[in-house]
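Just so you know, we're using UniProt numbering here: the sequence shown kicks off at 1 and counts up by one.
Please read the structure below before turning to the comments.
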Amino acid sequence: MAARQKQTLIIPIRDEWSNLPGLLQSLEQNDPSEVLFVDDGSIDGGPEFILDEIKRRKLANWRVLKSEGVGKKAAVSLGVTLASNEIILVTDADCQLPKGWAERMTAQFQNPLVKMVCGPVLSCDSKGLLGRFELGEWCSILMVTNYGFSESRPIMCSAANMGYRKSVFQEVGGYEGNENYLSGDDEFLLKKITEKYGAEAICWKPEKEFLVRTNPVPSLGALLNQRARWASKWGVGKTWGEKLPPMIWAVFSAILLVSFPLLFSKSEYSRYFFVIWIFKGLADCYYLGRVLNHYLPYLPKATLLIASAFHPVYTLLIVWKVLFTTLYWKGRRIISHVKDEKQHV
Numbered sequence: 001m002a003a004r005q006k007q008t009l010i011i012p013i014r015d016e017w018s019n020l021p022g023l024l025q026s027l028e029q030n031d032p033s034e035v036l037f038v039d040d041g042s043i044d045g046g047p048e049f050i051l052d053e054i055k056r057r058k059l060a061n062w063r064v065l066k067s068e069g070v071g072k073k074a075a076v077s078l079g080v081t082l083a084s085n086e087i088i089l090v091t092d093a094d095c096q097l098p099k100g101w102a103e104r105m106t107a108q109f110q111n112p113l114v115k116m117v118c119g120p121v122l123s124c125d126s127k128g129l130l131g132r133f134e135l136g137e138w139c140s141i142l143m144v145t146n147y148g149f150s151e152s153r154p155i156m157c158s159a160a161n162m163g164y165r166k167s168v169f170q171e172v173g174g175y176e177g178n179e180n181y182l183s184g185d186d187e188f189l190l191k192k193i194t195e196k197y198g199a200e201a202i203c204w205k206p207e208k209e210f211l212v213r214t215n216p217v218p219s220l221g222a223l224l225n226q227r228a229r230w231a232s233k234w235g236v237g238k239t240w241g242e243k244l245p246p247m248i249w250a251v252f253s254a255i256l257l258v259s260f261p262l263l264f265s266k267s268e269y270s271r272y273f274f275v276i277w278i279f280k281g282l283a284d285c286y287y288l289g290r291v292l293n294h295y296l297p298y299l300p301k302a303t304l305l306i307a308s309a310f311h312p313v314y315t316l317l318i319v320w321k322v323l324f325t326t327l328y329w330k331g332r333r334i335i336s337h338v339k340d341e342k343q344h345v
């Protein structure tokens with residue numbers, strides 16, 4: 001029997017104390033060869049909590065590192081540098097990993113042509129209106145991700161569920177060239193590896209057994225801030241073919257909202273309001289429903305109607321926040337140059 005291939009799991013943490021118990025519980029179901037928690041300036045006692053757990057459980061293969069840089073990219077880069085194994089897996093501290101995830105992800109690298117492995121992410125179930133909306137939006141993200149990989153044009157992935165070879169990370173220069181952007185550690189690295197090795201070097205695993213769940217955000221404001229932070233890298237290193245779809249969707253969202261006066265119009269044009277919105281609702285339920293049925297068949301499609309109804313307003317709010325407001329994440333201002341960020345740490 002072949003020896004089990006070893007891997008290093010890197011988990012950046014910044015003020016994630018409340019999420020750590022769930023994460024550690026899911027790690028027990030995976031038993032990675034090495035786990036590196038990289039502290040990105042936490043002030044909530046999270047790193048100390050992990051150290052206590054390491055001592056209590058006598059986990060010699062778990063370590064807590066202190067990043068001297070700023071942001072998630074610096075934290076991940078430190079983890080890769082100090083990793084003992086060639087196979088690197090990465091997830092976020094607010095996630096729960098399915099049983100056997102680490103072994104299944106690592107197994108994909110038995111093919112020497114595979115340089116990177118990406119998997120799906122969905123938010124955890126929530127009965128609240130906001131939680132269901134967020135789940136519907138995650139379905140839309142997965143739909144776009146699936147489409148890109150099916151066309152051999154990977155355009156996005158999630159750093160909450162990915163893996164790559166340490167040597168490949170070093171060969172492409174890691175995050176060199178985009179380290180000034182505090183967001184986009186997943187997308188920038190995906191693009192670099194795809195450009196060097198081709199789309200065939202990226203392994204997309206959409207099966208349910210690879211699904212990682214992330215905790216839902218606590219408020220609408222937090223959700224908008226998070227998505228605006230993601231969207232802030234929209235124009236960085238992209239072709240016009242990659243920039244246009246989000247622009248078109250923003251314009252379409254504006255058209256949907258502008259259609260509301262038609263509802264109160266006494267003219268024959270009022271019926272177009274119903275045509276537009278019914279078409280949108282049916283399209284969302286069909287396409288997003290396929291994603292939901294694949295991963296969470298027990299959830300009703302009414303979940304998607306909530307996302308469909310509010311998504312145009314939500315989209316334009318994100319556009320407004322990106323263009324006209326200053327974005328913050330856990331006390332850090334999202335700006336272009338990391339060297340200026342140090343004064344905000």
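Ideal Cβ positions, reconstructed from N, Cα and C, are used throughout, including at glycine.
What you are looking at is a predicted structure, and each value in this text was computed from that prediction instead of being measured.
**OP:** Report the residue ranges of all alpha helix (DSSP H) runs contained in full by the region 60 to 124; include only those spanning at least 4 residues, in chain order.
**Re:** 72 to 82 and 101 to 107
Original post:
Do VAL121 and SER158 have their C-beta atoms within less than 8 Å of each other?
Top reply: Locating residue 121 in the sequence shown gives position 121, counting from the first residue. Locating residue 158 in the sequence shown gives position 158, counting from the first residue. Closer than 8 Å, so yes.
Subject >> Helix, strand or coil at ASP39 according to DSSP, with G and I counted as helix >> reply: Locating residue 39 in the sequence shown gives position 39, counting from the first residue. Strand, per DSSP.
Original post:
So, is LYS99 buried or exposed, given that buried needs 16 or more other C-beta atoms within 10 angstroms?
Top reply: Working through the sequence shown from its first residue, we reach residue 99 at position 99. Under this definition LYS99 is an exposed residue.
Original post:
Would you say the region 140 to 158 touches the region 199 to 219, given that touching needs at least three Cβ pairs under 8 Å?
Top reply: yes
Original post:
Is HIS344 buried or exposed, if buried means 16 or more other CB atoms sit within 10 Å of its CB?
Top reply: For the purposes of this step, residue 344 is taken as the residue at position 344 of the sequence shown. Low per-residue confidence applies at HIS344: pLDDT is 38, beneath 50, and the placement is therefore not dependable enough to give any value.
Subject >> Test item: CB-CB of LEU65 and ALA228 under 8 Å >> reply: Here residue 65 refers to the residue found at position 65 when the sequence shown is read from its first residue. Here residue 228 refers to the residue found at position 228 when the sequence shown is read from its first residue. Contact: no.
**OP:** Return helix, strand or coil for GLN7, following the three-state DSSP convention.
**Re:** For the purposes of this step, residue 7 is taken as residue 7 along the sequence shown, with counting starting at 1. Note: GLN7 maps to strand in three-state DSSP.
**OP:** Taking all protein chains shown into account, decide if SER67 is buried (16 or more other Cβ within 10 angstroms of its Cβ) or exposed.
**Re:** If you number the sequence shown from 1, residue 67 lands on position 67. So SER67 counts as buried.
**OP:** Classify THR194 as buried or exposed, calling it buried when 16 or more other Cβ atoms lie within 10 Å of its own Cβ.
**Re:** Reading the sequence shown from its first residue, position 194 is the one you call residue 194. Buried: at least 16 other Cβ atoms inside 10 Å.
Original post:
If you count every other CB in all the chains shown that lies within 10 Å of the CB of TYR147, and 16 or more means buried, which is it?
Top reply: Locating residue 147 in the sequence shown gives position 147, counting from the first residue. With fewer than 16 Cβ atoms within 10 Å of its Cβ, TYR147 is classed as exposed.
Original post:
When the Cα of LEU115 is compared with those of ASP15, ILE306 and VAL172, which residue comes out closest?
Top reply: For the purposes of this step, residue 115 is taken as the residue at position 115 of the sequence shown. Note on residue identity: the sequence assigns Lys, not Leu, to residue 115. Out of ASP15, ILE306 and VAL172, VAL172 has the C-alpha closest to the C-alpha of LYS115.
Original post:
Does the Cβ of TRP62 have 16 or more other Cβ atoms within 10 Å, making it buried, or fewer, making it exposed?
Top reply: In the sequence shown, residue 62 corresponds to position 62, counting from 1. TRP62 comes out buried.
Subject >> Proximal residues to LEU244 (C-beta, below 8 Å), its chain only, five neighbours per side dropped >> reply: By one-based count along the sequence shown, residue 244 stands at place 244. No residues qualify anywhere along the chain.
Original post:
Nearest to PHE210 by CA position, among LYS196, ASN30, ASN178 and PRO300, is which residue?
Top reply: As a working mapping, residue 210 is identified with position 210 in the sequence shown. Here the closest residue by C-alpha is ASN30.
**OP:** Please determine if the region 213 to 221 and the region 87 to 95 are in contact, where contact requires at least 3 C-beta pairs separated by less than 8 Å.
**Re:** yes
Original post:
In terms of DSSP beta bridges, what is GLY163 paired with?
Top reply: Your numbering for residue 163 matches position 163 in the sequence shown. For GLY163, which the question treats as bridged, DSSP gives the partners LEU89 and VAL117.
**OP:** Below 8 Å on the Cβ atoms is my guess for VAL38 versus ALA75; work out the distance and round it to an integer in Å.
**Re:** As a position in the sequence shown, residue 38 is number 38, starting the count at 1. As a position in the sequence shown, residue 75 is number 75, starting the count at 1. The pair is a contact, with the Cβ atoms about 4 Å apart (cut-off 8 Å).
Original post:
What distance in whole Å lies between the Cβ atoms of CYS285 and LEU304, which are believed to be in contact at a cut-off of 8 Å?
Top reply: Numbered from 1 along the sequence shown, position 304 holds the residue referred to as residue 304. Numbered from 1 along the sequence shown, position 285 holds the residue referred to as residue 285. Between CYS285 and LEU304 the Cβ distance is about 5 Å, and since that is below 8 Å, they are a contact.
Subject >> Minimum length 4: unbroken alpha helix (DSSP H) runs contained in the region 301 to 328 >> reply: 302 to 324
Original post:
Considering only the beta carbon of each residue, do ALA250 and VAL322 sit closer than 8 Å?
Top reply: Along the sequence shown, one-based indexing puts residue 250 at 250. Along the sequence shown, one-based indexing puts residue 322 at 322. No, the Cβ-Cβ distance between ALA250 and VAL322 is not below 8 Å.
Subject >> Cα-Cα separation between GLU48 and TYR314, rounded to whole angstroms >> reply: Taking the sequence shown and counting its residues from 1, the one referred to as residue 48 is at position 48. Taking the sequence shown and counting its residues from 1, the one referred to as residue 314 is at position 314. Computed Cα separation, rounded: 37 Å.
Original post:
Under a three-way DSSP split, which group does PRO206 fall into?
Top reply: Against the sequence shown, residue 206 aligns to sequence position 206. Correct three-state label for PRO206: coil.
Subject >> CB contact flag (LYS72, ASP40, <8 Å) >> reply: Within the sequence shown, numbered from 1, the residue matching residue 72 stands at position 72. Within the sequence shown, numbered from 1, the residue matching residue 40 stands at position 40. Yes, the Cβ-Cβ distance between LYS72 and ASP40 is below 8 Å.
Original post:
Which residues share a DSSP beta bridge with VAL212?
Top reply: Position 212 of the sequence shown, counted from the start, is the residue given in the question as residue 212. Answer by DSSP bridge pairing, in chain order: VAL121.
Original post:
With contact counted as at least three CB pairs below 8 Å, one residue from each stretch, are the region 298 to 312 and the region 127 to 145 in contact?
Top reply: With the cut-off at 8 Å, the region 298 to 312 and the region 127 to 145 touch.
**OP:** Tell me where the alpha helix (DSSP H) around SER270 begins and ends.
**Re:** As a first step, residue 270 is located in the sequence shown; it is residue number 270 there, counting from the start. Its alpha helix (DSSP H) spans residues 270 to 295.
Original post:
Within 10 angstroms of its Cβ, does ALA102 collect 16 or more other Cβ (buried), or is it exposed?
Top reply: On the sequence shown, position 102 is the one that residue 102 refers to. Per the 10 Å Cβ criterion, buried.
Original post:
Excluding five sequence neighbours on each side, which residues of the same chain lie with their C-beta closer than 7 Å to the C-beta of LYS339?
Top reply: Translated into positions along the sequence shown, residue 339 becomes position 339. Because LYS339 carries a pLDDT of 38, less than 50, the predicted location of this residue cannot be relied on, and the following value inherits that uncertainty. Correct list: empty, nothing qualifies.
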